[in-house]
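In the numbering used here, the protein residues as written are 27 to 132.
Quick reminder that beta carbons are idealized off the backbone N, C-alpha and C, glycines included.
Listed below in structure tokens is the structure:
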């Protein structure tokens, strides 16, 4: 296991206990990549209420709260963290598109 993998593993463990500094470090490591995932998912969709950064913010918040509440006990390292972050971000992107379309229809 590389130093980066060990560090991310430690941050995940610390986040699960509510460590805000661990959340900040994970944020710094993954936020821009999450924004890119959201940008790809939202490409071509109307965005009046929120943008890809809002989606990534919401996804990261959901991950942090879920981790602190024991929802993601199977997430133990960077190999299984990134697919989870992609999934949450993708779902949040789809939700935004649906809400935007709903708002458009009235």
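Bounding residues of the alpha helix (DSSP H) (the contiguous stretch that carries residue i)
| i | result |
| --- | --- |
| residue 100 | Residue 100 -> no alpha helix (DSSP H), and no H or E assigned at all. |
| residue 46 | 46-68 |
| residue 80 | 78-94 |
Environment of residue i [buried if 16+ CB atoms lie within 10 Å]
| i | result |
| --- | --- |
| residue 115 | buried |
| residue 62 | exposed |
| residue 48 | buried |
| residue 54 | exposed |
| residue 91 | exposed |
| residue 46 | exposed |
| residue 66 | exposed |
Contact under 8 angstroms by Cβ, residue i with residue j
| i | j | result |
| --- | --- | --- |
| residue 118 | residue 85 | yes |
| residue 133 | residue 78 | The structure shown does not extend to residue 133, since the chain is modelled only from 27 to 132, so the question has no answer here. |
| residue 111 | residue 60 | yes |
| residue 71 | residue 126 | yes |
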